[in-house]
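Its first residue numbered 691, the sequence shown is counted upward by one per residue in the working numbering. The structure appears right after this line, and notes come after that.
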Amino acid sequence: MQIETIGMAWYRAENFDRLRAMFEDGHKLHGTYKEWLLAAEKNRKVLESQGVRVVCVDIDPDRFSEWCKTNGKKLNAAARIEYSTRMADKIAAGGQSGDSVHHDTSDKEE
């Protein structure tokens, strides 16, 4: 049986305010990093308790913005989901393991 793997957009404390400001839908995110982190950890744990492998994909402001520009995407939830999914799929295909936080955000569509 294959384990389902999903990508989850993950933010670093030092980037949270900048990302929130640059996202078209940033106003929909939690108001503070601490609030976001508590909710994100809860969601991650629920998914993992259901047998889902969660790959937390670091969203670097500069790299994500460049990826969106290169791939004709808006800076919004749909792009974050697609980006995180693509990165998680790459990790799953490569069989990488270890920490759930993945910091390589240099993915581009081919």
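A virtual CB, placed ideally from N, CA and C, is assigned to each residue, including glycine. Remember, predicted model here, so these are calculated numbers, not experimental data.
Next on the checklist: Quick check on the DSSP output: the beta strand (DSSP E) that includes Asp-748 runs from which residue to which?
Outcome noted: 743-748
Next on the checklist: Against chain C, with Cβ distances strictly below 8 Å, would Ala-711 count as a contact?
Outcome noted: The question asks about chain C, but that chain is absent: this structure has only one protein chain.
Checklist entry - So what does DSSP say about Gly-697, is it helix, strand or coil? => result strand
Checklist entry - Counting along the chain, where does the alpha helix (DSSP H) carrying Phe-869 start and finish? => result Outside the modelled stretch of the chain, which goes from 691 to 800, sits residue 869, for which no answer is possible.
Item to check | Contact set for Tyr-723: own chain, Cβ-Cβ below 8 Å, skip 5 residues either direction | outcome: Tyr-701, Ala-703, Phe-706, Asp-707
Item to check | Own chain partners of Ser-787 with C-beta closer than 8 Å, once the 5 adjacent residues on each side are dropped | outcome: Low local confidence applies: a pLDDT of 44 at Ser-787 is under 50, so the model's placement there is unreliable, with the coordinate-based value given in what follows. Cβ within range, chain order: n/a, list empty.
Item to check | Leu-765 burial status per 10 Å Cβ neighbour count (16 or more: buried) | outcome: buried
Checklist entry - Does DSSP put Thr-844 in a helix, in a strand, or in coil? => result The requested residue 844 does not occur in the structure, where the chain is confined to residues 691 to 800.
Item to check | Spatial neighbours of Lys-763 in its chain, beta-carbon cut-off 6 Å, leaving aside the 5 residues before and after | outcome: Ala-769
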